[in-house]
Amino acid sequence: TANGIVAILPAASVGEDIEIYRDESRTDIAMVWRGQRQQTEKAPDRNNLCLADYVAPKSSGVRDWIGAFALTTGLGCEERARAFDAAHDDYSAIMVKALADRLAEAFAERLHQRVRREFWGYAPDEQLDTEGLIAERYRGIRPAPGYPACPDHAAKGDLFRLLDAPAVGMGITESYAMTPPASVAGFYLSHPEARYFAVGPIGADQTEDLARRVAARNSEERLLPVAA
Numbered sequence: 700t701a702n703g704i705v706a707i708l709p710a711a712s713v714g715e716d717i718e719i720y721r722d723e724s725r726t727d728i729a730m731v732w733r734g735q736r737q738q739t740e741k742a743p744d745r746n747n748l749c750l751a752d753y754v755a756p757k758s759s760g761v762r763d764w765i766g767a768f769a770l771t772t773g774l775g776c777e778e779r780a781r782a783f784d785a786a787h788d789d790y791s792a793i794m795v796k797a798l799a800d801r802l803a804e805a806f807a808e809r810l811h812q813r814v815r816r817e818f819w820g821y822a823p824d825e826q827l828d829t830e831g832l833i834a835e836r837y838r839g840i841r842p843a844p845g846y847p848a849c850p851d852h853a854a855k856g857d858l859f860r861l862l863d864a865p866a867v868g869m870g871i872t873e874s875y876a877m878t879p880p881a882s883v884a885g886f887y888l889s890h891p892e893a894r895y896f897a898v899g900p901i902g903a904d905q906t907e908d909l910a911r912r913v914a915a916r917n918s919e920e921r922l923l924p925v926a927a
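The opening residue of the sequence shown carries number 700 in the numbering used here; numbering runs sequentially from there.
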């Protein structure tokens with residue numbers, strides 16, 4: 700069984716952080732998504748990127764938004780796999796898990812499409828065939844914590860609280876693995892120039908800077924679920 704949750708929320712960047720607000724008053728911070736910037740030598744005309752670059756700075760006065768989502772297609776999967784194991788049918792036990800994983804990716808693709816065209820609606824006229832979707836010719840990206848552009852898995856803890864992910868049957872372990880395993884969670888960025896990238900090697904200065912930002916924000920954040 701599949702289930703999921705999505706929210707489109709006001710947001711603004713502050714340095715390398717993205718502040719996500721509970722409502723249009725933009726006074727109550729529901730979550731701060733802390734970014735990390737590339738630190739590599741590049742040509743003079745190429746910038747070191749951070750995902751916060753794709754959200755309007757708070758100081759600009761531009762009212763921007765961000766999307767957040769969590770979904771699973773693994774509800775009931777473990778029970779089915781255990782039944783196959785009990786029947787000594789290892790092949791079917793493996794295949795039901797593999798199928799759930801592929802369905803999770805398909806669900807993520809379809810949900811992102813509906814966000815672009817309907818829920819957020821920043822690309823209402825998008826018309827892409829399967830080849831275009833696979834080639835990611837659409838506007839925007841859906842980065843997920845733990846992937847190269849945002850390698851910090853700990854963001855999933857705040858994301859799950861933001862969305863109240865347990866309400867749709869999802870959870871995370873103490874090491875931030877998602878349950879059920881056939882699950883996907885992350886964010887939506889709509890900036891026309893947004894693209895995926897790898898932060899690359901993390902320097903000691905970045906680690907120390909991130910630790911300072913975490914300590915500073917923890918005392919003031921109010922991590923409350925938002926209505927989806």
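Cβ atoms here follow ideal geometry from the backbone N, Cα and C, with glycine treated the same way. Keep in mind the model is a prediction, meaning the values are calculated, not measured.
- Put simply, the region 742-761 does not touch the region 770-781. Fewer than three CB pairs are less than 8 Å apart.
- Three or more Cβ pairs closer than 8 Å define a contact, and the region 850-866 meets that threshold against the region 719-736.
- The C-alpha of residue 786 is placed about 53 Å away from the C-alpha of residue 763.
- The C-beta distance from residue 870 to residue 738 rounds to 34 Å, too long to fall under 8 Å, and the pair is not in contact.
- When the five nearest sequence neighbours on each side are left out, the beta carbons in the same chain lying within less than 6 Å of the beta carbon of residue 845 are those of 852, in order along the chain.
- Counting C-beta atoms within 10 angstroms of its own C-beta, residue 795 has 16 or more neighbours from the protein chains shown and is therefore classed as buried.
- For a cut-off of 8 Å, the C-beta gap from residue 848 to residue 895 is around 6 Å, short enough to register as a contact.
- The C-beta of residue 833 has fewer than 16 other C-beta atoms within 10 Å across all chains shown, which makes the residue exposed.
- Per DSSP, residue 856 is one residue of the alpha helix (DSSP H) stretching across 854-862.
- Taking a contact as a CB-CB distance under 8 Å, the pair residue 837 and residue 822 counts as one, their CB atoms being some 7 Å apart.
- About 13 Å separates the CB atoms of residue 841 and residue 890; that is not less than 8 Å, and the two are not in contact.
- Residue pairing for residue 878: DSSP places it in a beta bridge opposite 870.
- 8 Å or more divides the Cβ of residue 915 from the Cβ of residue 753.
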